[in-house]
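Number of protein chains: 2
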Amino acid sequence: MEESFGAAANRTVTLRDVARLAGVSVATASKALNGQPQVRAETRARVVRAAEQLAFSPNTFAQSLITQRSGTVGLLTSDLEGRFSIPILMGAEDAFGSDQTSVFLCDARGDTIREKHHLRALLTRRVDGLIVVGARPDTRASLGRDLPVPVVYAYAPSDDPADLSLVTDNVGGGRLAVDHLIRCGRRRIAHITGDPGYGAAHDRAKGALDRLAEEGLELAGGEVWFGMWSEAWGRGAARMLLERCPDVDAVFAGSDEIARGVLDVLHEERIAVPSQVAVIGFDNWNILAANARPPLTTIDLNLEQLGRTAAQRLSAAMEGKPASGTETLPVRLITRESTAPLS
Amino acid sequence: MEESFGAAANRTVTLRDVARLAGVSVATASKALNGQPQVRAETRARVVRAAEQLAFSPNTFAQSLITQRSGTVGLLTSDLEGRFSIPILMGAEDAFGSDQTSVFLCDARGDTIREKHHLRALLTRRVDGLIVVGARPDTRASLGRDLPVPVVYAYAPSDDPADLSLVTDNVGGGRLAVDHLIRCGRRRIAHITGDPGYGAAHDRAKGALDRLAEEGLELAGGEVWFGMWSEAWGRGAARMLLERCPDVDAVFAGSDEIARGVLDVLHEERIAVPSQVAVIGFDNWNILAANARPPLTTIDLNLEQLGRTAAQRLSAAMEGKPASGTETLPVRLITRESTAPLS
DNA sequence: CCGATCGCCGAAAACGTTTTCAGAAACGTA
DNA sequence: TACGTTTCTGAAAACGTTTTCGGCGATCGG
């Protein structure tokens with residue numbers, strides 16, 4: 015009597031309570047709930063019934079203390095407000111089932127010392143693994159080789175080839191964009207892109223030039239127009255382009271922002287898109303691309319998939335199957351109304 | 015000899031090791047490191063020296079197991095890719111020092127059952143508190159009163175007044191926007207806004223109308239133009255507005271997207287901004303506002319501050335000082351070049 | 001010089017699990 | 001019936017801390 019009374023108090027229910035209710039020992043209860051084979055079916059049933067009757071939920075601290083696994087991973091991002099981290103993060107969060115693994119989020123804001131700080135905190139919490147997502151698609155410093163947990167780098171690859179890095183295929187994206195324009199029958203294709211300090215800008219340009227060369231074409235305007243990742247640069251470059259090369263029939267923009275600037279100028283000049291000039295962007299940044307006039311064909315980076323893959327690779331590494339090197343993930347074409355075949 | 019050797023193995027270093035090296039018991043070592051008063055200064059020094067010499071870092075599971083506090087909070091968002099969750103999340107993440115409290119991120123994608131699922135997972139992990147951030151600034155269903163941890167709702171208030179909710183001041187924002195236009199000498203002010211299904215749209219309109227009334231002014235165009243939160247609607251409404259009311263000298267847009275649409279049409283019609291017509295947006299969504307032509311004056315929601323406040327309120331509640339009701343946080347005016355005094 | 005007080009330290013219990021190992025019970029076989 | 005095998009169960013140790021409480025030596029007041 016006093017026993018059941020004692021257990022009925024507002025305390026959180028423990029395995030002891032379950033065991034008592036099921037009339038077994040804690041050891042058996044544990045084994046029953048964890049699916050260990052060495053317990054009779056009938057006994058197991060009694061235990062699980064007791065467990066759900068008491069709404070038992072095991073204390074993860076006690077579990078982690080003994081198993082040495084926390085069931086958590088750290089997500090170290092350098093640029094939360096950047097649009098790139100978020101989809102990756104969503105993909106990762108969703109690839110780990112939330113019931114198996116929870117993710118700690120840390121934003122270092124591109125600050126190395128803040129990053130170190132967060133790293134310490136995460137290791138103190140004994141995360142089972144780490145995903146590091148960079149702010150821009152260029153190589154970043156490795157966290158080092160002597161970490162006690164596996165790490166995967168996403169979007170921004172590590173500078174240490176012994177690490178595993180996952181990146182988007184910028185060269186392939188550039189190729190894909192130009193390929194699409196060519197299939198639309200365009201022959202005089204220009205490329206306006208962003209900051210030449212970004213490796214991604216060069217990669218996208220390379221993909222574009224490769225595809226053009228295969229077709230025996232040259233870039234309209236004679237060269238790649240590097241500049242900045244902004245609408246203003248898109249506008250400025252478009253004006254110069256139209257002046258130097260009025261018969262251009264397609265523009266491949268290195269980002270959706272730039273594409274917006276280009277569209278703006280074309281509109282201003284009463285040049286019809288896509289019938290006279292086709293425009294394709296890069297990034298598929300929805301708010302920009304879908305709201306453009308006309309809606310923008312663009313290259314989607316598949317970031318959510320990148321995040322999912324990162325989670326899978328990390329899981330594998332946590333299971334003892336580590337990998338290394340740089341893995342390049344495919345991008346894809348999103349066709350909207352800013353491109354169309356020449357009629 | 016064998017002792018020091020044993021400790022030198024690759025095992026993670028525990029308080030025992032520290033105590034041994036400092037020549038005290040684990041009890042004393044614990045007290046020394048936790049700043050308990052009942053330990054001599056000289057002893058404490060010896061212990062901390064030993065601790066840092068061994069790079070000791072306490073096992074948080076053992077700590078949590080005994081203290082019943084995890085030092086973690088859950089952040090339950092409904093819409094990660096939405097632009098509103100992110101700043102809030104950043105503010106919150108930063109208000110909890112990462113060394114004190116880490117945050118678990120969960121995205122429910124607006125799905126109630128997924129939300130329940132994540133909630134279970136977070137409670138299983140025994141978070142010390144919960145922040146719930148909604149996708150849109152309207153009332154949402156409470157998580158209930160019987161949760162074992164304190165909760166604060168951010169951006170989207172709970173429908174239960176017993177909960178604590180933190181929201182942005184939409185009425186104040188509407189007032190602030192119109193006030194700014196009036197100070198710029200504008201008298202014929204129109205208001206184009208988004209989906210009338212959003213409470214925020216009505217609140218902003220109310221603030222605007224209040225301020226106009228104080229000045230004895232009426233809305234140019236005769237009414238609030240409700241529609242959608244898109245550039246396209248901004249364009250369409252602007253055209254109608256110009257037709258019905260060609261002498262308008264200012265437009266208050268209910269969002270930056272809408273403002274972009276309005277700017278677009280004004281540009282098309284060769285109407286000078288801001289000299290002929292001033293335009294003000296809402297949200298301060300940087301990619302849209304800063305890249306606009308001209309850069310957009312707008313209302314900033316102070317979301318990062320909202321996140322910080324949420325973290326503070328939650329901390330207070332975790333310390334046993336709960337609050338309830340809805341707290342409204344101020345917004346602020348960001349002046350750029352799309353507004354200016356009439357000359 | 002003696003008893004009370006005070007400051008400091010350590011032994012041990014506790015937190016809630018998992019896992020090992022030994023023993024009990026049931027069963028089949030000779 | 002005796003004995004080896006198989007199946008199941010439970011006692012106890014372990015994980016790494018925090019906290020209580022008793023004890024010991026020193027200091028102090030008388």
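Which chain is which? The protein sequence lines are A and E, in order.
Counted from 1, the first sequence has number 308 at position 294 by the numbering used here; the numbering is strictly sequential.
Counted from 1, the second sequence has number 81 at position 67 by the numbering used here; the numbering is strictly sequential.
Where is the CB? At the ideal position from N, CA and C, for every residue including glycine.
It should be emphasised that the depicted structure is a prediction, and the values quoted were computed from it without experimental measurement.
Using DSSP with H/G/I as helix, E/B as strand and the rest coil, what is residue 351 of chain A?
Counting from one through the first sequence, the residue named residue 351 of chain A turns up at place 337. Of the three classes helix, strand and coil, the one that applies to residue 351 of chain A here is coil, per DSSP.
Going by C-alpha to C-alpha distance, which of A:230, A:274, A:318, A:111 sits closest to residue 248 of chain A?
Indexing the first sequence from 1 puts residue 248 of chain A at position 234. When only C-alpha atoms are compared, the closest one is A:274.
Cβ separation of residue 105 of chain E and residue 317 of chain E, assumed to be a contact under 8 Å, to the nearest whole Å:
For the purposes of this step, residue 105 of chain E is taken as the residue at position 91 of the second sequence. For the purposes of this step, residue 317 of chain E is taken as the residue at position 303 of the second sequence. Contact holds; Cβ gap of about 7 Å.
Here's the rule I'm using: 16 or more other beta-carbon atoms within 10 Å means buried, otherwise exposed. How should residue 50 of chain A be labelled?
Working through the first sequence from its first residue, we reach residue 50 of chain A at position 36. Residue 50 of chain A counts as exposed, since fewer than 16 other C-beta atoms from the protein chains shown sit within 10 angstroms of its C-beta.
Please confirm whether residue 36 of chain A and residue 69 of chain A have their CB atoms less than 9 Å apart.
What you label residue 36 of chain A is simply residue 22 of the first sequence in a count that begins at 1. What you label residue 69 of chain A is simply residue 55 of the first sequence in a count that begins at 1. Contact check for residue 36 of chain A against residue 69 of chain A fails: the beta carbons are separated by 9 Å or more.
Closest Cα partner of residue 185 of chain E within the set E:238, E:73, E:213
Position 171 of the second sequence holds residue 185 of chain E. Comparing Cα positions, the closest option is E:213.
Just the C-alpha distance for residue 119 of chain A and residue 232 of chain A, rounded to the nearest angstrom, thanks.
For the purposes of this step, residue 119 of chain A is taken as the residue at position 105 of the first sequence. For the purposes of this step, residue 232 of chain A is taken as the residue at position 218 of the first sequence. One C-alpha to the other measures close to 46 Å.
Put residue 17 of chain E into one of helix, strand or coil per three-state DSSP.
The residue labelled residue 17 of chain E in the question sits at position 3 within the second sequence. The pLDDT assigned to residue 17 of chain E is 37, lower than 50, so where the model puts this residue is not dependable, and the model offers no usable value.
Entirely enclosed beta strand (DSSP E) segments - the region 249-305 of chain A, minimum 3 residues:
DSSP runs (the beta strand (DSSP E)) wholly in the region 249-305 of chain A: 264-267, 292-294.
Taking residue 358 of chain A as part of the beta strand (DSSP E), name the residues at either end of that continuous run.
In the structure as shown, chain A starts at 15 and stops at 357, and residue 358 of chain A therefore has no counterpart that could be examined.
Assuming residue 341 of chain E is part of the beta strand (DSSP E), what are its boundary residues?
Walking along the second sequence from the start, residue 341 of chain E turns up at place 327. Residues 339-343.
Minimum Cβ-Cβ distance from residue 253 of chain A to chain E less than 9 Å:
By one-based count along the first sequence, residue 253 of chain A stands at place 239. For residue 253 of chain A, no CB of chain E lies under 9 Å from its own CB, so it is not counted at the interface with that chain.
Chain-order list of residues whose beta-carbon lies under 6 Å from that of residue 14 of chain E (same chain, five-residue window excluded)
No answer is possible for residue 14 of chain E: it lies beyond the span of chain E, which begins at 15 and ends at 357.
Would DSSP call residue 314 of chain E helix, strand or coil?
Here residue 314 of chain E is taken as the residue at index 300 of the second sequence, counted from 1. If DSSP states are grouped into helix, strand and coil, residue 314 of chain E belongs with the strands.
N- and C-terminal bounds of the alpha helix (DSSP H) containing residue 65 of chain A:
Taking the first sequence and counting its residues from 1, the one referred to as residue 65 of chain A is at position 51. Following the DSSP letters along the chain, one finds residue 65 of chain A inside the alpha helix (DSSP H) bounded by residues 55-67.
Near-chain E residues of the region 112-129 of chain A (beta-carbon distance less than 7 Å), N- to C-terminal order
Those residues of the region 112-129 of chain A that come within reach of chain E (Cβ to Cβ, closer than 7 Å) are 112, 113, 116, 117, 118, 119, 120, 121.
Any beta carbon of chain E sitting closer than 9 Å to that of residue 216 of chain A?
On the first sequence, position 202 is the one that residue 216 of chain A refers to. Cβ-Cβ to chain E under 9 Å: no for residue 216 of chain A.
Report yes or no: is there a C-beta of chain E within less than 9 Å of the C-beta of residue 72 of chain A?
Position 58 of the first sequence holds residue 72 of chain A. Chain E contact via Cβ: present.
Against chain A, does residue 278 of chain E count as a neighbour if the rule is that its beta carbon must be under 9 Å from one of theirs?
Along the second sequence, one-based indexing puts residue 278 of chain E at 264. At least one chain A Cβ lies under 9 Å of residue 278 of chain E.
Three-state secondary structure (DSSP) at residue 164 of chain A?
Along the first sequence, read from residue 1 onward, the residue named residue 164 of chain A stands at position 150. The DSSP-derived three-state label of residue 164 of chain A is coil.
Any beta-carbon of chain A closer than 9 Å to the one on residue 332 of chain E?
Working through the second sequence from its first residue, we reach residue 332 of chain E at position 318. Chain A contact via Cβ: absent.
Chain E contact for residue 108 of chain A (CB, 9 Å cutoff)
For the purposes of this step, residue 108 of chain A is taken as residue 94 along the first sequence, with counting starting at 1. Cβ-Cβ to chain E under 9 Å: yes for residue 108 of chain A.
What's the C-alpha gap between residue 67 of chain A and residue 54 of chain A?
Taking the first residue of the first sequence as 1, we reach residue 67 of chain A at position 53. Taking the first residue of the first sequence as 1, we reach residue 54 of chain A at position 40. One Cα belongs to residue 67 of chain A, the other to residue 54 of chain A, and the distance between them is close to 20 Å.
Quick check on the burial criterion: 16 or more other C-beta atoms within 10 angstroms. Buried or exposed for residue 261 of chain E?
Start at 1 with the first residue of the second sequence, and residue 261 of chain E comes out as number 247. Exposed, because fewer than 16 other Cβ atoms sit within 10 Å of the Cβ of residue 261 of chain E.
Output yes if chain A places a C-beta closer than 9 Å to the C-beta of residue 350 of chain E; else output no.
Here the question's residue 350 of chain E lines up with position 336 in the second sequence. Cβ-Cβ to chain A under 9 Å: no for residue 350 of chain E.
CB contact check: residue 327 of chain E to chain A, cutoff 9 Å
On the second sequence, residue 327 of chain E is found 313 positions in, with the first residue counted as 1. No, no contact with chain A.
Who are the near neighbours of residue 173 of chain A in its chain, counting only those whose CB is closer than 8 Å to its CB and skipping five residues on each side?
Here residue 173 of chain A refers to the residue found at position 159 when the first sequence is read from its first residue. Within the same chain, residue 173 of chain A has close Cβ partners 153, 154, 155, 156.
With a 10 Å radius around its C-beta and 16 neighbouring C-beta atoms as the bar for buried, classify residue 127 of chain E as buried or exposed.
Locating residue 127 of chain E in the second sequence gives position 113, counting from the first residue. Residue environment for residue 127 of chain E: exposed (fewer than 16 other C-beta atoms within 10 angstroms of its C-beta).
Quick one: using the 10 Å Cβ neighbour count with 16 as the cut-off for buried, is residue 48 of chain E buried or exposed?
Residue mapping note: residue 48 of chain E aligns to position 34 of the second sequence, counting from 1. Under the 10 Å beta carbon count, residue 48 of chain E is surrounded by fewer than 16 other beta carbons and is classified as exposed.
Assuming contact is defined by CB atoms lying nearer than 9 Å, are residue 13 of chain A and residue 101 of chain E in contact in what I supplied?
Coverage of chain A is limited to positions 15 through 357, which leaves residue 13 of chain A absent and any answer about it impossible.
What is the DSSP secondary structure of residue 241 of chain A, reduced to helix, strand or coil?
For the purposes of this step, residue 241 of chain A is identified with residue 227 of the first sequence, where counting begins at 1. Three-state result, residue 241 of chain A: coil.
Can you pull out the residues from the region 230-257 of chain A whose beta carbon lies closer than 9 Å to at least one beta carbon of chain E?
Answer set for the region 230-257 of chain A: 244, 245, 246, 249.
Residue 206 of chain E and residue 268 of chain E: beta carbons closer than 9 Å?
Residue 206 of chain E sits at position 192 when you count from the first residue of the second sequence. Residue 268 of chain E sits at position 254 when you count from the first residue of the second sequence. Their beta carbons are under 9 Å apart, which means residue 206 of chain E touches residue 268 of chain E by this criterion.
Alpha carbon to alpha carbon, how far is residue 251 of chain E from residue 196 of chain E?
Residue mapping note: residue 251 of chain E aligns to position 237 of the second sequence, counting from 1. Residue mapping note: residue 196 of chain E aligns to position 182 of the second sequence, counting from 1. Approximately 22 Å, taken between the alpha carbons.
So, under 8 Å CB-CB, residue 58 of chain A and residue 46 of chain A are touching, yes? Tell me the CB distance rounded to an integer number of Å.
Taking the first residue of the first sequence as 1, we reach residue 58 of chain A at position 44. Taking the first residue of the first sequence as 1, we reach residue 46 of chain A at position 32. Between residue 46 of chain A and residue 58 of chain A the Cβ distance is about 4 Å, and since that is below 8 Å, they are a contact.
Helix, strand or coil, according to DSSP, for residue 117 of chain E in the structure here?
Locating residue 117 of chain E in the second sequence gives position 103, counting from the first residue. Assignment of residue 117 of chain E by DSSP, reduced to helix, strand and coil, places it in the strand class.
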